[in-house]
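First the structure, in the form of structure tokens, and then the observations on it.
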Amino acid sequence: MNKMHVDMGEIENEPVLPKITDAKGILQQNREFLDFFWDIAKPEQEIRLKAIENLIQYLKTSEKTDELTYTLKRLVDGLAHTREAARPGFSLALGQVLSVFEEVPLRTAFDQIKEKHNLAKVKKKLIRNAAFGNFFGVLALSQSTRLPKEPQVVLECVQLLQSLSQYREHLRDLPRKTMVDILSETSEEVFEEVLLGALQTDLSSAFSTPEQLQLLLVAMQKFPQVLKPKKLKKLLGTSTIITMDNIPKLTDVVKMAARSVKKDRLLPAVALDLLQISLREDNFELFWRETIINGMLKDQPGPTHYLSYRLLGSALPLLTLAQLKQVLNGEVMRTYGEHVVSAQLPDRFKFAPEMETYVGDFLQGCDDPEKQLAVMVAFSLLTNQGYPVVPSFWRVVHHLQPTALQSYVDWLKDMFLNPRLDSCLDFSTRRQKENQEGGIQRENCIFRLRKWIIPRLTSIAENNQVKREEALVMDVARFVFFHAFFNAKKATPDILETEATLSVPLDEKTRAIIINSFFGLLQHINHLPLLGDSPEVAARNQRHMQGVMADGSMWIFCLVRYADTLLNQPKYAQSTQPFSPEQRQAWDSMLASVGTLMKKSKKGQTPETSAFQQLFLLVGIHLFKAPEDLVDLMQDLQNCMEKAQEKKSKKKKAVTGSATAGEEEPHWAEVVVDILLSLLSQPSRHIRHVCRTVFSNICPHVTARALTAILDVLDPDKDEEDSSIVVTDDKDSDKIKKKDKKKKGKDEDDEEMNEDESDASDDDSDEGEDEAMEEGSEVDQNFRIELMKVLQNQGALATEEDGSDGDELDDEAMMKLDGSIAGLFLEQKKKMQAKKDEKDKLKKEKTLVRDFKIKVLDLVEVFLARQGSSPLVLGMVEPLLSVIESGMSSESDQQEQDFLRKAADIFKNQLCRAKQYCKTVGDRQGELHDLLEKLMTKTQKLSDSSVSLYFFSASLYLVKVLRGGAPVASADGKTTPSTELRFMGNVDVERVSAIFNGALCSFMTRRKSPLSGLMFVDLFTRFPVLCVNLLVTAVEHITTGVREHQQSQASAMVLRGLQSREVQQLLAGNPWAGLLQQAVGRVAASLETVVETGKNKVVQEKLVKALELGLFLVKTVNQQKLSVDLEPLKKVLQSMREVLGFRKTGQMEDTYWAVMKHFGVIKPKRDRTRKTKDQAELTAPKKKKGFLPETKKRKNRKKQLPVSEQGAADANTVPLGKPEGGKKKINKIKRKLPGGGETPGQGPTKKAKTTQPEGKQKKGGRGE
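The sequence shown begins at 70 in the working numbering and counts up one residue at a time.
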């Protein structure tokens, strides 16, 4: 090696001779060139591509033929690389080199490939690599784009690929696919003159394998003038591919192709080519009927079925309108529907997403509205007992053109009015047929179809990706509203919905679904942006205008106006739930109030006007759903608006002293808040969002009493029964929840799944009854007494007087006794069921109340976001803390945890950490100081540290509020830095410091304290003035803390306080030096008490914190050159080194040596001399595997022999195969001896590794 290096040095020093042209010389001189090939072989694709690009660029700039020759040789060698990931890289690189450097003949490259990877000469174990080398070589020639220019090389490449077909176990169908690629790039002349003869065998046996058939089909598509019918007749015996004679062969080939791509889950190219050939030969119907329906679908569900579905999706763009209708109404669609229904079970392959992709691609690329409509209608008619298998929210709808979309909506409305079940491609699963012995009921199918159509219509109106217009959305909204609350009596052109009547009347279940769908749609269109693509619409949408139409009117107002039209024409439209006179009066007053508000809004829109307008419209439209509950609410809202207008007029007149009489009545904002709380008690997402919006608009007018009404709802100390808010339990709440889930994209399952769920619910009910019986297993005393009376009255129970067991009862008496006992037990069962129902009712009420409180928290969140700087916010501190405290202390379910999480998040982020907060407290300084003291007192008494953290945060928030904003500038308009630092606003610094000082002492002197060091660190960081007053106390507790944990926390607090720049400026001068001197003494005293750390983590933590504080003290004293005596600390640290050593590495050791470095003591270097082998064996004997440690061994175990006696012990072992009858006797004697039977100087013999286990030896001995 040394000699070689010397030679290399001589070569580098001497001039390069022109004789050196070998590849090795190039590699030795240019390392960069060699690295390209290493990178090409790496598995990372990005590195490979970059290396190929750099290699091409290098060869272009180099222009050396020897490097190009070596490159060609090296890339050809890499085609058969042992790493599979490297072969494609070398193939791609070779193709790129041949494409760029056309001076390299393809014949040369091909000859090198054949010579290097000769399958006849290669060793048997390398045949696989050689086969891949040939394949990737031909692939590289094909990728060079030069192959069509050299017909002879093309022929030899095809012949080589044909020879590779025998290595199918390695290459699979890759050679055939490459032949197809080469064929697709070859000219017609070359194919006819050169390749046709070579491919004669493959083309004539096209019906044997999918690859050969695809080769023929590609050739027919590429060269139709060469492969004419006469030529096909000569090759195949038939002039066309799709014939009745060829159908069985084609079916077998397609099945083979389906199974070959089972894992890949894609459509074989040969199947799509066959479809295209059938269309070209005008034999599509024959191919589809015989090959797909009668061939592929006859197999069991699996790859052949999935190929049929994929072929159906791929055929959509290729078929005419008539062919589309024929295919989409056939057996393939029915089988696909059965698959969709059965695949709803878990752990089953689902083809529906793939079919959705096919349909979406077709609709996106299709310009014919009739074809789009045909496909949408066909998939909507694929039903399982009336319910379509496609989801009601199908994303492909947004690809429909406006005309096709309008036609589809009209078709859906017509199917709703006149359900034509005979036009549906309906099916039933095997289990459904078994469960429905009496046959399918037509009414149930109609219900299921309508249950799907309504969400389908509303999802089209709600989908923002659909290209819809305002007229379409309003048309859908009017249609849904009309059939939710009205029936058509007589047709009139003024109401389009009356012109078409229902062929089958709506039942109650369907109408309930329509009502819920309408209010879901109403919620969406209330937040709908302006529709359209014009620049004006885009500009208005940037201003976040929602819920309005292009003319400025609100969507909900248009629907209210339409509803009023229906109410005023009872001759043509009849309400399903007619209004009473009182309800109609409430409706009319609502319309009048809205009209008045709209007139005022034209002069100038105000948040107050908008809030009342939204409330009136919301309550008005909900009158159709719950008129009895909302009539009184409407009247309250009317009075509230009048009061608000009166107050505004009084303000304009500036009349003083005239409001004394009005103060007795509640403020209008308080009435609005009560109305909002009443609305929130109803289970509706739409109402919840509107209430949030309305409250956001009236936030500036909210009074303290209104805010108190909101907080009283959240107060856990108040009984829900005393609350004026009644939480309604809507009968349709469950249905609403189901509807909400459906809106999230979870459509209802098929009837089979519904039946399973109903069975499960029946089982649950049975289990519930059993649980009820178990709960009542402990029979109460009254029931026992009643049972005893029944038995005594019938003479079936012996009494104490007669003392006899009694005679047997006759049959009549027994029957009478049975009836009495049965009646008694039936009555007891009813009592138990009543108790269970009462318990369930209470649980349900609790859930409703908790859900109501979660909604009320929305109002709190909105108020804090809009009015965070209002003094009213201060009244929220205690109620929110009580909510958090009660939630933390109770065992809660998921809903309770959600409520608690939301309340805590609002308190922490919206209140305590809000950027906007109350900065002017006025005359409430004393009240806030008292509240601060109250909170800190309670903080120290809590048992849960997590709850005390929120109380402490509230205390810091109160200090921030008392401090207020920035200090007021002096007369000259300037403020000094010292003034800014010491500014604390309205804070009574002495009182507040005393409060926190008491809390700090409590934390340091109590063993179990809910406080933590991080709380005071936060205090020190945010309020430096208070930190200065508490630092002395914290320094004292470095040594006087009740436990090591408190002492370590004291060190951390002091360190954080001293590091603050504001604290250093406040204590500048002698106070700063005096505090540091005191801290040095406390740290030295604390370290002096540490004698041994061991594995005590608390002591280690104390030591680390003290050392960190000591490091800061020493560093600060030296940098600022203060007159602080550090000698006590130095002596303690030196003595600690002698005791603890500090020779290892770690946080504690590193901190120690960092401190000592400032005293001039450097950490000694470790002795890294290695021990000899003998020393290592003597000092640390290797622990043998499989042996117990000494502490685990039993006392009467035999001691191990020394090493010197091991040979003697081995000599005494029993030879293998010798009977051990005598050994058993010896063992018995040893057991009788005291001390385990060991004689002095003798130890247990150690078995050799080859000796069998004792149990096996005994067994073998018995066998012999």
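Positions of the beta carbon are idealized from the N, C-alpha and C atoms, including for glycine. As the structure is a prediction and not an experimental result, all values here were calculated from the model.
Taking a cut-off of 8 Å for Cβ pairs, the stretch 561-568 and the stretch 484-494 do not touch, as fewer than three such pairs fall below it. Per DSSP, the unbroken alpha helix (DSSP H) holding Leu175 starts and ends at 175-185.
Cβ-Cβ separation between Leu1180 and Ala1223: approximately 6 Å, consistent with a contact (criterion under 8 Å).
Per DSSP, the unbroken alpha helix (DSSP H) holding Thr404 starts and ends at 400-411. The alpha carbon of Leu348 has as its nearest neighbour, out of Ile311, Arg1125, Leu933, Thr278, the alpha carbon of Ile311. Residue state for Val617 is assigned as strand, using DSSP reduced to three classes. Here the C-alpha atom of Gln413 lies approximately 54 Å from the C-alpha atom of Val222. Short of 7 Å from the beta carbon of Leu243, and not among the five residues preceding or following it, lie these beta carbons of its own chain, in chain order: Phe204. In terms of Cβ geometry, Ile744 and Leu706 form a close pair [threshold 8 Å]. A distance below 8 Å between beta-carbons, with the five flanking residues on each side excluded, links Met957 to the following residues of its chain, in chain order: Leu969, Asp1013, Ser1015, Val1016. Spatial neighbours of Thr151 in its own chain (CB-CB distance under 8 Å, excluding positions within 5 residues in sequence) are listed in chain order as Asn198.
Residue pairing by DSSP places Ser644 opposite Phe555 in a beta bridge. Distance between Glu153 and Thr138, taken at the CA atoms: about 25 Å. In this chain, the alpha helix (DSSP H) harbouring Leu343 covers 338-349. The C-alpha of His467 lies about 46 Å from the C-alpha of Ile953.
Taking a contact as a CB-CB distance under 8 Å, the pair Thr1008 and Pro1079 counts as one, their CB atoms being some 7 Å apart. In the DSSP assignment, the residues bridged to Asp495 are Thr452. In the DSSP assignment, Met623 is bridged to Val617.
Distances from the CA of Val1193 to each of Met1205, Asn1139, Val1159 were compared; the closest alpha carbon is that of Asn1139. Around Gly455, the same chain offers Cys514, Arg517, Leu518 as residues with beta carbons nearer than 6 Å, after the five sequence neighbours per side are excluded.
Taking a contact as a CB-CB distance under 8 Å, the pair Asn595 and Gly621 does not count as one, their CB atoms being some 15 Å apart.
For Thr561, DSSP records a beta bridge to Ile564.
Nearest in C-alpha terms to Asn637, of all of Glu651, Glu132, Asp657, is Asp657. Under the three-state reduction of DSSP, Pro1093 is assigned to helix.
Membership of Cys226 in the alpha helix (DSSP H) is indicated by the continuous run 220-233. Closest option to Pro574, judged by alpha-carbon separation, among Tyr375, Ile584, Asn487, Ile121: Asn487.
Apart from the 5 residues on each side of it in sequence, Leu284 sits with its Cβ closer than 8 Å to the Cβ of Arg245, Met248, Val249, Leu252, Leu268, Asp271, Leu272, Ala275 in its chain, given in chain order. At a Cβ-Cβ threshold of 8 Å, Ala632 and Phe764 do not count as neighbours. In this chain, the alpha helix (DSSP H) harbouring Met957 covers 946-958. Check the Cα spacing between Gly434 and each of Ser497, Val465, Ala661, Val1159: the tightest is with Val465.
Per DSSP, the continuous alpha helix (DSSP H) segment holding Ala530 begins and ends at 511-531. Of the residues assessed, Phe976 falls on the buried side of the cut-off, its CB having 16 or more other CB atoms within 10 angstroms. In the DSSP assignment, Ala661 falls within the unbroken alpha helix (DSSP H) covering 650-672. Under DSSP, the beta-bridge partners assigned to Pro598 are Gln615. Three or more pairs of CB atoms, one per stretch, sit closer than 8 Å, so the stretch 256-265 contacts the stretch 289-297. Around Ala1153, the same chain offers Pro1197, Leu1198, Val1201 as residues with beta carbons nearer than 7 Å, after the five sequence neighbours per side are excluded.
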